[in-house]
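Trainee: Before I ask anything, let me first share the structure, which is written out below as structure tokens.
Protein chains: 2
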Amino acid sequence: MKAAILTLGTELTRGELVDQNGAWLADELTSLGLDVLAQLTVDDDRERIKRALGGLAPEVDVVVATGGLGPTSDDLTAESVASLLGEPLIRHHDVIDRIQQLWRSRGREMPPSNAKQADLPESAQILPNPVGTAPGFRVTIEGADAFFMPGVPREMRRIFTDSVAPALAPRVSRRSHQIHLRTFGRSESDLADALTGVEEAYPGVTLGYRAHFPEIELKVLARAGDELASERLAAEAAAELHRRLGDTIFGDRDDTFPGVVGRELRDRGLTLALAESCTGGLVGAKLTSVPGSSDFLLLDAVVYANSAKEKVLGVRQETLRGHGAVSAETAAQMAEGARRLTDADLAVSITGVAGPGGGTDEKPVGTVYFGVARAGARTHTFLRNLPGDRGRIRELAAYVAMEAIRRAARGERLPGAPKA
Amino acid sequence: MKAAILTLGTELTRGELVDQNGAWLADELTSLGLDVLAQLTVDDDRERIKRALGGLAPEVDVVVATGGLGPTSDDLTAESVASLLGEPLIRHHDVIDRIQQLWRSRGREMPPSNAKQADLPESAQILPNPVGTAPGFRVTIEGADAFFMPGVPREMRRIFTDSVAPALAPRVSRRSHQIHLRTFGRSESDLADALTGVEEAYPGVTLGYRAHFPEIELKVLARAGDELASERLAAEAAAELHRRLGDTIFGDRDDTFPGVVGRELRDRGLTLALAESCTGGLVGAKLTSVPGSSDFLLLDAVVYANSAKEKVLGVRQETLRGHGAVSAETAAQMAEGARRLTDADLAVSITGVAGPGGGTDEKPVGTVYFGVARAGARTHTFLRNLPGDRGRIRELAAYVAMEAIRRAARGERLPGAPKA
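Which chain is which? The protein sequence lines are D and R, in order. Residue 2 is where the first sequence starts when you use my numbering, and the numbers rise one by one after that. Residue 2 is where the second sequence starts when you use my numbering, and the numbers rise one by one after that.
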């Protein structure tokens with residue numbers, strides 16, 4: 002079943018707003034099993050809206066449109082559709098009643114301009130909007146099933162999920178299944194090398210790669226005879242990916258790396274202290290973005306100044322003078338200091354040169370030392386030379402630190418440590 | 002002059018990638034003075050690419066297209082254009098030479114598949130790509146000037162800036178001018194109220210609002226007779242906005258709030274220490290995202306655990322027991338402790354309930370206390386009840402803290418302090 006997406010609004014054609022609805026709808030329609038052939042954005046102009054709809058509708062089975070259903074004079078979707086269909090606009094009184102109720106529930110009277118949102122083409126079937134004033138509607142244009150929704154993403158998504166998807170799903174024979182796996186620690190070409198031959202071993206499977214720096218998402222798309230067979234095939238191929246990549250795969254689509262790292266600590270009842278220099282609090286900010294982080298994170302000491310490294314964490318002045326703030330020795334003492342202060346089971350430190358200034362021949366921008374101090378074990382340090390600009394170096398360093406926390410929590414070998 | 006944007010790629014129509022090029026190009030073309038009438042995205046299908054171009058070109062003066070210029074079999078842009086124009090594809094040998102050079106400079110030979118990127122329509126004029134292998138090209142389609150560029154954003158932007166914008170600019174009579182102002186601290190409706198009457202007082206000026214939580218960007222669009230008059234009108238209206246809004250406006254389009262706050266400290270040679278609880282390092286991470294933050298930030302103590310509040314910052318156990326970790330008293334002692342540890346000129350603390358758990362009747366989710374300790378002044382605390390979910394509460398709290406740092410650095414009245 003073929004589909005096209007139409008997004009309406011001068012704020013979009015002028016680039017004042019980046020359209021998120023189009024990509025979201027494309028993803029949803031593709032997941033439902035439709036082939037999205039085109040996405041078109043046009044400005045708020047009656048003739049161009051009509052021409053866009055008239056051009057798309059004969060090419061596809063389904064048109065999904067967003068935007069232009071508001072109360073103002075430049076919201077022209079309903080009247081453009083009515084004009085295209087040669088129908089009058091009709092005031093839908095049940096819609097008015099609902100909008101009035103909504104305003105009253107907020108303790109106010111409906112502004113007269115809102116009545117415009119109830120003026121819809123005569124043949125329109127209403128798509129209720131439980132979270133806003135403008136309802137969506139559905140009409141048939143040149144044989145295509147056309148759905149119109151407001152442009153507010155929250156309202157659009159709700160109407161799509163409540164009314165559009167259920168109308169389309171029974172008419173599509175879904176023959177594919179997708180599994181998303183999230184990875185950190187290998188480059189795209191490394192992953193591709195490690196996965197050589199998977200597509201040949203599992204006919205019907207296509208692998209996709211999508212970078213969200215510094216993560217890479219793997220997509221396993223399986224197409225077998227029917228939905229059930231596709232699901233089974235995708236699961237088999239995903240199991241093979243797990244075998245080949247091990248814990249480079251840290252979770253599925255809904256997991257986040259900080260969430261997974263936090264879970265490793267919480268599940269084991271372990272506590273954590275952090276000592277950050279060049280990452281400036283980024284590791285702490287990431288770990289605490291997940292609720293429940295107060296269960297394990299005792300302290301994140303962001304010690305930018307050498308004086309703070311000394312006073313707060315007890316890094317020795319001789320160490321700072323002799324080896325510098327960016328050194329394995331300082332990283333070790335930062336981690337040990339953070340652990341001593343808090344009695345945490347585990348302490349991890351980061352000190353490096355994020356740039357753009359501060360690099361030297363010996364320690365260029367991107368030089369980052371990590372320290373890991375644990376109860377009952379020798380403090381471990383390792384060095385990474387990270388590529389990119391300040392933002393990427395900091396982001397990567399935060400991920401390397403979280404990866405070290407994950408490995409330490411599980412009792413696995415740390416980077417740079419001798420193999421057991 | 003009318004323009005249309007065409008973005009090509011099945012990864013876009015399937016929603017696997019959110020197209021950023023379209024909005025970027027729309028913004029650039031609008032700034033150049035063109036009217037963008039439509040943006041169209043189609044999948045990698047020869048007939049649909051031809052039909053899209055054939056449909057758009059007669060409607061506009063300029064078509065700008067991205068994508069489908071790569072070396073693989075599903076990159077179909079050049080051959081679709083040639084077919085639409087009824088021209089053969091010609092191998093451009095100067096392009097091949099450049100691609101080969103690029104590969105050699107990386108110490109490798111050009112893969113044979115790359116030669117495809119030099120196969121362009123006979124009438125094509127090359128648009129050089131200094132940062133990648135695929136060049137852009139320019140042809141005339143039904144009277145419209147059509148520019149084709151690769152989809153890699155970095156390459157597309159470079160080619161647009163180097164070749165497309167200079168070709169278009171002399172042909173447009175720019176009659177408008179835009180100024181962007183960034184604000185924090187007032188809601189959109191507050192801003193609108195404060196700016197009532199500005200559009201009437203400055204005919205030709207339109208004000209726009211664009212929310213990037215928790216900031217709101219104001220856009221002053223001025224249309225006068227010519228470019229110079231528009232620029233002058235925009236500047237006059239912007240001055241009026243500055244008069245009305247004061248330091249709610251923190252900068253222009255290229256400023257960031259952390260950058261502005263850091264500048265206030267650096268310009269005055271002031272040092273800063275932070276003590277964060279519920280924001281988990283977010284304030285430090287934001288301030289240190291800007292280079293040069295090591296000049297002023299001495300310490301950010303993220304003290305999640307009460308034991309860390311006591312041991313690291315010297316918050317008294319009686320205070321934590323009697324008033325709780327989320328209290329004005331704890332906030333004050335956190336700020337004082339951070340200042341004592343570092344001798345910083347200024348120390349700011351944040352302690353609150355970010356949720357989703359941890360709220361009580363007395364201190365519901367969103368309750369956040371701030372402390373400000375300064376050399377030679379009494380420690381000041383204030384309370385904010387912040388709306389939203391965990392992410393929004395943390396983000397807002399970080400902004401409130403940065404705003405307090407800005408005011409303290411400038412010696413201005415702090416929130417909740419008595420008016421002088």
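Every residue, glycine too, gets a C-beta built ideally from N, C-alpha and C. This one's a predicted model, so the numbers in the text were calculated from it and none came from an experiment.
List the DSSP bridge partners of T141(D).
Mentor: Residue numbering aside, residue 141(D) sits at position 140 when the first sequence is read from its first letter. In DSSP, T141(D) forms a bridge with D146(D).
Trainee: Taking 9 Å as the threshold (beta carbon to beta carbon), is T289(D) in contact with chain R?
Mentor: For the purposes of this step, residue 289(D) is identified with residue 288 of the first sequence, where counting begins at 1. T289(D) counts as touching chain R.
Trainee: Mind listing which residues of the segment 394-407 of chain R have their C-beta closer than 8 Å to chain D's C-betas, in chain order?
Mentor: Here the close residues are R395.
Trainee: Taking only the alpha-carbon atoms, compute the straight-line gap between V63(R) and L7(D) and give it to the nearest angstrom.
Mentor: Along the second sequence, read from residue 1 onward, the residue named residue 63(R) stands at position 62. Along the first sequence, read from residue 1 onward, the residue named residue 7(D) stands at position 6. Taking the straight line joining both Cα atoms gives about 21 Å.
Trainee: Look up K220(R) in the DSSP assignment and give the residues it is bridged to.
Mentor: Here residue 220(R) is taken as the residue at index 219 of the second sequence, counted from 1. Answer by DSSP bridge pairing, in chain order: H181(R) and G209(R).
Trainee: What ranges does the beta strand (DSSP E) occupy inside the segment 262-312 of chain R, keeping only unbroken runs of at least 3 residues that lie completely in it?
Mentor: Listed in chain order, the complete beta strand (DSSP E) runs (minimum 3 residues) inside the segment 262-312 of chain R are 273-277 and 298-303.
Trainee: What number of angstroms, rounded off, separates the C-alpha of T331(D) from the C-alpha of L26(D)?
Mentor: Locating residue 331(D) in the first sequence gives position 330, where the first residue counts as 1. Locating residue 26(D) in the first sequence gives position 25, where the first residue counts as 1. Those two C-alpha atoms are separated by around 51 Å.
Trainee: If you measure beta-carbon to beta-carbon, which residues of the segment 31-44 of chain R are closer than 9 Å to chain C?
Mentor: The question asks about chain C, but that chain is absent: this structure's protein chains are D and R.
Trainee: When burial is assigned at 16 or more other CB atoms within 10 Å of the CB, is H243(R) buried or exposed?
Mentor: In the second sequence, residue 243(R) corresponds to position 242, counting from 1. Per the 10 Å Cβ criterion, exposed.
Trainee: Is the CB of K364(D) under 9 Å away from at least one CB in chain R?
Mentor: The residue labelled residue 364(D) in the question sits at position 363 within the first sequence. Not closer than 9 Å to any Cβ of chain R, the Cβ of K364(D) fails to qualify, so no.
Trainee: Closer than 9 Å, CB to CB, is T67(R) near chain D or not?
Mentor: Working through the second sequence from its first residue, we reach residue 67(R) at position 66. With 9 Å as the cut-off, T67(R) does not count as an interface residue toward chain D.
Trainee: What residues in the segment 288-308 of chain D have a beta carbon less than 8 Å from any beta carbon of chain R?
Mentor: The residues in question are L288, T289, S290, P292, G293, S294, S295, L298, L299, L300, D301, A302, V303, V304, Y305, A306 and S308.
Trainee: Sorry if obvious, but does the Cβ on A355(R) come closer than 8 Å to a heavy atom of the ligand ADP?
Mentor: Questions concerning the ligand ADP fall outside what the structure shown contains, since it holds no ligand whatsoever.
Trainee: State buried or exposed for K287(D), treating a residue as buried only when at least 16 other CB atoms are found within 10 Å of its CB.
Mentor: For the purposes of this step, residue 287(D) is taken as the residue at position 286 of the first sequence. K287(D) comes out buried.
Trainee: Look up Q425(R) in the DSSP assignment and say whether it is helix, strand or coil.
Mentor: Beyond the ends of chain R as shown, which are 2 and 421, falls residue 425(R); an answer cannot be given.
Trainee: How about A309(D) and R340(D): are their beta carbons less than 9 Å apart?
Mentor: Position 308 of the first sequence, counted from the start, is the residue given in the question as residue 309(D). Position 339 of the first sequence, counted from the start, is the residue given in the question as residue 340(D). No, the pair does not count as a contact, with Cβ atoms beyond the cut-off.
Trainee: Considering only the alpha carbon of each residue, which of G34(D), Q118(D), I91(D) and H213(D) lies closest to S188(D)?
Mentor: Translated into the one-based positions of the first sequence, residue 188(D) becomes position 187. Among G34(D), Q118(D), I91(D) and H213(D), the Cα nearest to that of S188(D) is on H213(D).
Trainee: Taking buried to mean at least 16 other C-beta atoms within 10 Å of its own C-beta, is D362(R) buried or exposed?
Mentor: Translated into the one-based positions of the second sequence, residue 362(R) becomes position 361. When all chains shown are included, D362(R) counts as exposed.
Trainee: Counting only Cβ-Cβ distances shorter than 9 Å, please list the residues of the segment 241-268 of chain D near chain R, keeping chain order.
Mentor: Answer in chain order: no residues at all.
Trainee: Taking DSSP as the reference, what is the three-state secondary structure of T257(R)?
Mentor: In the second sequence, the residue the question calls residue 257(R) occupies position 256. In this structure, T257(R) counts as coil in the three-state DSSP scheme.
Trainee: Flag this pair as yes or no: are the beta carbons of V82(R) and I127(R) separated by less than 9 Å?
Mentor: Looking up residue 82(R) in the second sequence gives position 81. Looking up residue 127(R) in the second sequence gives position 126. For V82(R) and I127(R), no; Cβs fall outside 9 Å.
Trainee: Can you check DSSP and say which residues form a bridge with Q126(D)?
Mentor: Counted from its first residue, the first sequence places residue 126(D) at position 125. Its beta-bridge partners are R139(D).
Trainee: Kindly indicate the opening and closing residues of the alpha helix (DSSP H) around L234(D).
Mentor: In the first sequence, the residue the question calls residue 234(D) occupies position 233. Per DSSP, L234(D) belongs to the alpha helix (DSSP H) from E228 to L246.
Trainee: Within the chosen definition, does the segment 309-326 of chain D reach the segment 379-398 of chain D through at least 3 CB pairs nearer than 8 Å?
Mentor: Segments in contact, no.
Trainee: Report yes or no: is there a C-beta of chain R within less than 9 Å of the C-beta of G358(D)?
Mentor: Along the first sequence, one-based indexing puts residue 358(D) at 357. At least one chain R Cβ lies under 9 Å of G358(D).
Trainee: Name the DSSP bridge partner or partners of D120(D)?
Mentor: The sequence position of residue 120(D) within the first sequence is 119, counting from 1. Note: D120(D) sits in a beta bridge opposite R92(D).
Trainee: Just verifying my parser: in three-state terms, what is the DSSP assignment at V401(R)?
Mentor: The count along the second sequence starts at 1 and reaches residue 401(R) at position 400. Of the three classes helix, strand and coil, the one that applies to V401(R) here is helix, per DSSP.
Trainee: Quick one: does E156(D) have its CB under 9 Å from some CB of chain R?
Mentor: What you label residue 156(D) is simply residue 155 of the first sequence in a count that begins at 1. With 9 Å as the cut-off, E156(D) does not count as an interface residue toward chain R.
Trainee: To which residues does DSSP link R385(D) through a beta bridge?
Mentor: Working through the first sequence from its first residue, we reach residue 385(D) at position 384. The partner list for R385(D) (beta bridge, DSSP) reads V369(D).
Trainee: Could you give the residue range of the beta strand (DSSP E) that holds S81(R)?
Mentor: Against the second sequence, residue 81(R) aligns to sequence position 80. Unbroken run through S81(R) is the alpha helix (DSSP H), T78 to L86; no beta strand (DSSP E).
Trainee: With a Cβ-Cβ cutoff of 9 Å, do E123(R) and I91(R) count as a contact?
Mentor: Position 122 of the second sequence holds residue 123(R). Position 90 of the second sequence holds residue 91(R). Yes, they are a contact pair.
Trainee: Within the 9 Å Cβ cut-off, does T14(R) reach chain D?
Mentor: Residue mapping note: residue 14(R) aligns to position 13 of the second sequence, counting from 1. Chain D, which has a Cβ nearer than 9 Å to the Cβ of T14(R), makes this yes.
Trainee: For R391(R) and chain D, any beta-carbon pair shorter than 9 Å?
Mentor: Translated into positions along the second sequence, residue 391(R) becomes position 390. Closer than 9 Å: yes.
Trainee: Would you check if the distance between the CB atom of L234(D) and the CB atom of L219(D) is smaller than 9 Å?
Mentor: Along the first sequence, one-based indexing puts residue 234(D) at 233. Along the first sequence, one-based indexing puts residue 219(D) at 218. Not a contact, by the Cβ cut-off of 9 Å.
Trainee: Taking C-beta to C-beta, are V369(D) and G360(D) nearer than 9 Å?
Mentor: Working through the first sequence from its first residue, we reach residue 369(D) at position 368. Working through the first sequence from its first residue, we reach residue 360(D) at position 359. No; because the gap between Cβ atoms is not below 9 Å, this pair is not in contact.
Trainee: Chain D partners of R49(R), CB-CB under 8 Å?
Mentor: Here residue 49(R) is taken as the residue at index 48 of the second sequence, counted from 1. Result: L38 and A39.
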